[in-house]
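Remarks on the structure that follows.
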RNA sequence: GGGCGGUUAGCUCAGUUGGUUAGAGCGCCUCGCUUACACCGAGGAAGUCACUGGUUCGAGUCCAGUACCGCCCACCA
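Numbering (the numbering used here), first residue to last: 42 to 954.
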């Protein structure tokens with residue numbers, strides 16, 4: 042019997058799935074074949090199709106990547122691979138971000154260990170150290186991207202500090218300046234005393250903390266003498282959380298309708314220590330119920346006071362230096378740190394008897410995102426980007442639907458932020474970054490120039506270049522990032538890449554940088570290029586640790602993707618990251634999910650090994666893949682192909698809707714629960730059936746190959762390595778390329794609903810029999826005789842499946858009976874009754890004289906359940922409102938359901954007699 | 001102070017436009033080394049879909065409100 046069914050027993054595949062053995066080699070093959078670049082030799086792109094472009098969000102070159110980056114890369118890469126398989130010219134452009142402030146914070150820490158500092162090294166040597174540092178991290182990061190499997194076009198790798206970016210930055214700023222959208226002005230900016238630079242509003246992180254609210258008495262000035270009133274009680278008491286800013290006070294404000302103070306508005310009070318007389322003003326921002334109802338105004342060091350000061354034309358004083366120590370007040374506090382000064386001032390106020398009270402107070406303190414220092418609002422002359430017109434255009438883009446944000450709910454936060462946006466301070470007093478291309482002449486005129494060498498003369502007074510000096514400041518790192526989608530394609534030059542790949546297709550990133558980055562790209566992109574930078578913004582959720590905590594290096598809960606990849610393979614990590622992810626919603630991530638994904642890859646590996654090993658000897662090993670002969674297919678084969686088509690359709694839908702978790706779910710279930718659990722098990726019997734002719738067995742085998750081929754193609758975007766490896770061992774069709782990565786995406790075939798219904802019925806039968814046996818404690822290995830009633834509608838397919846059913850249900854001999862009555866008549870004894878849809882069976886246990894208690898309990902449970910559902914179905918149908926109002930199809934379905942349940946109840950009752 | 005998200009099995013999460021009996025992975029229980037796979041196979045237990053009310057023939061799904069958790073934005077010093 043083995044002559045005709047002799048199968049190839051060895052395959053090219055090792056027995057065990059060891060991703061570490063082949064992943065690196067696969068990546069090398071892709072590189073060698075030049076398939077990543079859209080214009081690469083092996084790309085097989087169909088130039089008539091629209092290009093698909095993803096410009097990768099450039100990771101910071103501050104160190105190594107974490108699992109969140111791996112998720113980013115995976116999601117981008119799966120979209121890219123899908124598009125590539127569709128034949129679209131596909132560009133996945135990788136890059137790196139110089140991360141100005143973040144990089145400086147990291148480098149500062151590193152050099153501090155060697156006893157060095159920014160100041161000790163000086164600008165030039167510091168920047169040399171930085172170059173050396175990023176040269177190292179750059180290689181680490183790029184290596185990680187490859188391990189994850191990113192199919193990036195490495196020939197187009199870009200860096201936000203490369204010459205192309207530098208040119209784009211200069212040009213962008215010059216144009217914004219020319220268009221009146223960049224201006225230099227004094228404003229209240231956020232100063233980080235640790236980083237010694239200004240930072241944007243977004244980089245200030247509010248921290249709720251418990252502080253104190255002090256009450257301080259300011260004495261009224263006697264306008265006649267110009268000295269404080271003799272009566273020490275002739276005073277106004279203000280409430281403050283920051284006594285040290287008293288030195289910068291230029292007014293006291295009360296609410297205009299506050300009767301307690303109406304008589305004092307217009308009077309002056311003397312500020313302690315600096316002996317400055319300032320007015321009492323009325324302004325509705327003051328909350329009468331808060332504190333004493335009177336508030337000291339420090340326009341130079343408080344955001345609210347700054348606005349108040351502008352409304353009232355108050356003087357604005359700066360009392361801190363770069364380190365946030367008191368300076369230029371002419372008091373003994375000069376040189377003291379702000380908190381030291383606070384204590385000294387409080388003590389001195391108390392000594393004077395002007396410290397009236399102190400109580401604990403909950404307040405929100407802004408801290409630096411990078412260094413955690415308390416941010417000091419401070420007056421400084423800086424460059425700003427006028428965001429009003431830019432934001433208006435950005436809003437138009439999302440409102441009109443030209444740019445789509447996913448998940449959609451983020452459009453609301455986008456709206457809110459864009460409509461309340463403030464001008465963007467882009468000056469940074471840092472060293473690592475793009476120098477602002479602005480020059481000042483000795484007369485104070487500014488000239489902005491996009492020329493690499495700077496302007497030739499002051500554009501206002503014509504002084505020569507030699508007399509001009511460049512602004513020492515650099516740009517906010519997000520300024521160069523904001524140009525990323527087009528600076529990477531060659532802008533400001535009119536390059537072929539820019540024309541072909543811009544606007545880009547999808548911008549995938551974390552929702553946490555929607556404002557930092559996405560907003561700026563949209564605003565700058567529309568203004569500078571006249572086009573939107575991308576059509577779709579896809580916002581991923583953040584990866585958290587298994588306990589829901591945000592991963593951070595300081596917490597030590599950062600997952601290193603390489604460690605995980607070493608253990609389970611890149612495919613498993615990728616699959617796990619995609620499988621558990623819902624767009625815009627954070628995901629907890631731990632080893633359990635990766636192990637599950639690894640098991641799935643292992644399953645696929647072994648299924649493929651089985652298929653390869655079961656090739657009928659009549660098919661030569663090097664045969665080209667061909668479709669199975671439809672005329673020779675049995676119900677199982679038709680079912681296998683139909684289910685692959687169903688998975689194909691599900692995957693297509695998931696891809697189209699950016700529901701990538703749905704894609705993995707469809708493939709996991711399709712491959713494991715359907716193809717492996719039933720498809721292969723049913724096929725085994727036919728493949729081994731010596732009574733069948735070669736052509737029939739070949740058709741079965743080609744069915745398996747065909748379905749597997751489809752599944753591997755569909756799975757490739759998520760699990761590129763193992764699918765490439767397995768696909769390489771499968772027979773290829775004549776027009777297939779060597780590599781799966783550039784093979785064509787499958788077109789979902791027709792479903793065969795008849796076959797699906799037939800196999801569904803027999804699957805239910807097998808499950809019923811297995812369940813009955815297990816509940817009755819039948820030895821799992823034993824074969825028991827089964828009598829089966831098959832309705833006429835299933836007779837044909839039963840003929841084809843008989844042997845498989847025997848095997849799967851361990852039913853031997855399997856004997857059919859003419860009608861149900863015959864089955865009933867044979868009942869009794871120790872037989873186990875099974876009612877499965879229209880099929881009904883009796884498992885003969887032999888020997889036992891009565892139905893066992895366990896078996897009786899099983900049937901009773903089934904009956905009770907069926908009766909419950911039947912009652913519910915009848916109740917629904919008895920409801921006149923339901924039958925008259927529900928759609929006809931739903932009512933029909935309910936009627937059919939009722940009939941089915943009624944029949945089932947009848948038959949179960951018969952079994953229990 | 002606004003806005004958003006979450007609340008579904010012991011744990012982590014799906015659940016598309018409201019429509020038969022709410023699913024998966026992990027974990028748990030019982031069997032099984034049946035010639036692809038023990039990283040496996042077969043069977044099983046387990047959920048008042050946070051709570052209250054409403055709309056509807058019908059609600060995990062829509063509406064209103066409540067509670068708790070989390071996030072974003074915000075000029076009560």
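Where a beta carbon is used, it is the ideal one built from N, C-alpha and C, also for glycine.
Note that the structure is predicted; figures quoted are calculated from it, not measured.
- Taken atom to atom, the span from the alpha-carbon of residue 333 to that of residue 277 is near 9 Å.
- In the three-state scheme derived from DSSP, where H, G and I count as helix and E and B as strand, residue 563 is classed as helix.
- For residue 96, the enclosing beta strand (DSSP E) has its first and last residue at 93-96.
- Here DSSP, grouped into helix, strand and coil, assigns residue 466 to strand.
- Between residue 488 and residue 509, the gap from beta carbon to beta carbon is short of 8 Å.
- The stretch 301-356 contains, as complete beta strand (DSSP E) runs of 3+ residues, the segments 309-312, 317-323, 335-338 (chain order).
- Here residue 572 has 544 as same chain residues with Cβ atoms under 6 Å from its own Cβ, once five neighbours each way along the sequence are excluded.
- Under the three-state reduction of DSSP, residue 637 is assigned to helix.
- Contact check between the stretch 452-470 and the stretch 496-508: fewer than three CB pairs, one atom from each, fall below 8 Å, which does not count as touching.
- Look at residue 252 here: in three-state DSSP terms it is strand.
- Rounded to whole angstroms, residue 377 and residue 296 show a C-alpha spacing of 34 Å.
- Contact between residue 803 and residue 855 does not hold, since their C-beta atoms are separated by about 12 Å, which reaches or exceeds 8 Å.
- Closest in C-alpha terms to residue 831, from the list 808, 799, 588, comes 799.
- Residue 263 is bridged by DSSP to 268.
- Within the same chain, Cβ atoms closer than 6 Å to the Cβ of residue 54 are found at 650, 770, the five residues on either side in sequence being excluded.
- DSSP lists 578 as the bridge partner or partners of residue 548.
- The residue among 695, 879, 752, 698 with its C-alpha nearest the C-alpha of residue 717 is 752.
- Just so you know, the alpha carbons of residue 820 and residue 812 end up roughly 12 Å apart.
- DSSP, read as helix, strand or coil, puts residue 853 in strand.
- When rounded, the separation of the alpha-carbon atoms in residue 344 and residue 229 is 7 Å.
- Annotated three-state conformation of residue 950 is helix, per DSSP.
- Within the stretch 115-180, the complete alpha helix (DSSP H) segments of 4 residues or longer fall at 141-154, listed in chain order.
- The alpha-carbon of residue 925 is positioned some 20 Å away from that of residue 911.
- Collapsing the DSSP output to three states places residue 878 in coil.
- Comparing alpha carbon positions, the residue from 500, 465, 467 closest to residue 482 is 500.
- Here residue 251 is exposed: its Cβ has fewer than 16 other Cβ atoms, across all protein chains shown, within 10 Å.
- In terms of Cβ geometry, residue 520 and residue 210 form a close pair [threshold 8 Å].
- By the neighbour-count criterion, in which 16 or more other beta carbons inside 10 Å mark a residue as buried, residue 79 falls on the buried side.
- With fewer than 16 other beta carbons inside 10 angstroms of its own, residue 246 counts as exposed.
- Take residue 422, set aside five residues on each side of it, and the residues of its chain with a beta-carbon closer than 7 Å to its own are 225, 226, 227, in chain order.
- The DSSP-derived three-state label of residue 505 is strand.
- Sequence-distant partners of residue 93 (beyond 5 residues in either direction) whose C-beta falls short of 6 Å from its own C-beta, in its chain, are 124, 129, 131, 546.
- In the DSSP annotation of this structure, residue 198 is not part of any alpha helix (DSSP H), being labelled neither H nor E.
- Annotated as proximal: residue 117 and residue 95, with beta-carbon spacing under 8 Å.
- Among the bridge pairs identified by DSSP, residue 408 is matched with 246, 415.
- Cβ-Cβ distances below 8 Å link residue 711 to 684, 685, 687, 688, 691, 752 in the same chain, with the five nearest sequence neighbours on each side left out; the list follows chain order.
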